[in-house]
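Numbering (the numbering used here), first residue to last: 453 to 709. Cβ coordinates follow ideal geometry from the N, Cα and C atoms, glycine included. Below: the structure, in structure tokens.
Next comes the structure, spelled out in structure tokens:
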């Protein structure tokens, strides 16, 4: 489980929550007050351009703002859906934050108790973990302040409810996650040891086969060389013994059937 991936997921959830909060605020602010808001926009535009006619860009910006207010007023019934989405994104944030924190704590433990064998230097990896931890804590603070102090009251209550629930569930999941990570690590080490053993056995097998091949080639070459230089010893792999050569040299007596 990579902490960088978990951090990226948590950061994505934070951005989604921020956009959702802003949209919720805009809709709530425009809902039921569209007439007064549009009237204020008309008065501001007229007052700003009493003495000098508005440019095309200024008039287009004014029209776009009026259309935005009208569209927000049409969406006032969609706040329930946005509220649910915010709850989901908050859950995603806390879930990934708790997982990331658990992974960071596990890496810190391993760095204290085991020899570090990662690709990055130990100092660089430690700095990455510290920065991620601080940024996650800062994200939580920003979300809390935005939802409690800079949003409608119901979003502040949503933050309180979700954060309290995730605090309890997060601690429980953290224990289970650490247990699973350590069990997975044991399994991974066992598998790595098995792979190493099989690889070593394969290497020794190749070496043995190569040795047998070389030794056999030497025997064949010695037999061939002996056949060329000493044909009296026969054409077999092993030379004929003195007894065999004497027996072959004696005249053969035909005894019939």
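Asked: Counted within 10 angstroms of its Cβ, other Cβ atoms place residue 649 as buried (16 or more) or exposed; Found: exposed
Asked: As assigned by DSSP and simplified to three states, the class of residue 471; Found: helix
Asked: Euclidean distance between Cα positions of residue 562 and residue 620; Found: 26 Å
Asked: For residue 639 and residue 666, the rounded distance between their alpha carbons; Found: 40 Å
Asked: Residues of its chain near residue 646, where Cβ-Cβ distance is below 6 Å and the 5 sequence neighbours each way are ignored; Found: none
Asked: Member of 472, 559 and 466 whose CA lies at the smallest distance from the CA of residue 634; Found: 559
Asked: Minimum C-alpha distance to residue 459 - residue among 476, 546, 473 and 519; Found: 546
Asked: Validate contact between the region 611-627 and the region 548-559 using beta carbons, cut 8 Å, 3 pairs; Found: yes
Asked: Residues near residue 627 in its chain [Cβ-Cβ closer than 8 Å; skip 5 each side]; Found: none
Asked: First and last residue of the uninterrupted alpha helix (DSSP H) at residue 701; Found: 694-701
Asked: Three-way DSSP call (helix, strand, coil) for residue 626 in this model; Found: helix
Asked: Whole-number beta carbon distance between residue 465 and residue 544, since they are thought to touch under 8 Å; Found: 4 Å
Asked: Nearest-angstrom Cα separation, counted from residue 575 out to residue 582; Found: 11 Å
Asked: Among 457, 517 and 592, nearest to residue 542 - alpha-carbon criterion; Found: 592
Asked: Cβ separation of residue 473 and residue 538, assumed to be a contact under 8 Å, to the nearest whole Å; Found: 7 Å
Asked: Rounded Cβ spacing between residue 785 and residue 556 (contact assumed at less than 8 Å); Found: Outside the modelled stretch of the chain, which goes from 453 to 709, sits residue 785, for which no answer is possible.
Asked: Whether residue 699 touches residue 689 by CB criterion (7 Å); Found: no
Asked: Beta-carbon proximity list for residue 611, same chain, < 8 Å, skipping 5 on both sides; Found: 542, 595, 596, 599 and 600
Asked: Residue 454 - DSSP class collapsed to helix/strand/coil; Found: coil
Asked: Residue from 661, 607, 644 and 657 whose Cα sits closest to the Cα of residue 477; Found: 607
Asked: Under 7 Å between C-beta atoms of residue 630 and residue 554; Found: yes
Asked: Nearest-angstrom Cβ-Cβ length linking residue 686 and residue 695, presumed shorter than 8 Å; Found: About 13 Å; that fails the 8 Å criterion.
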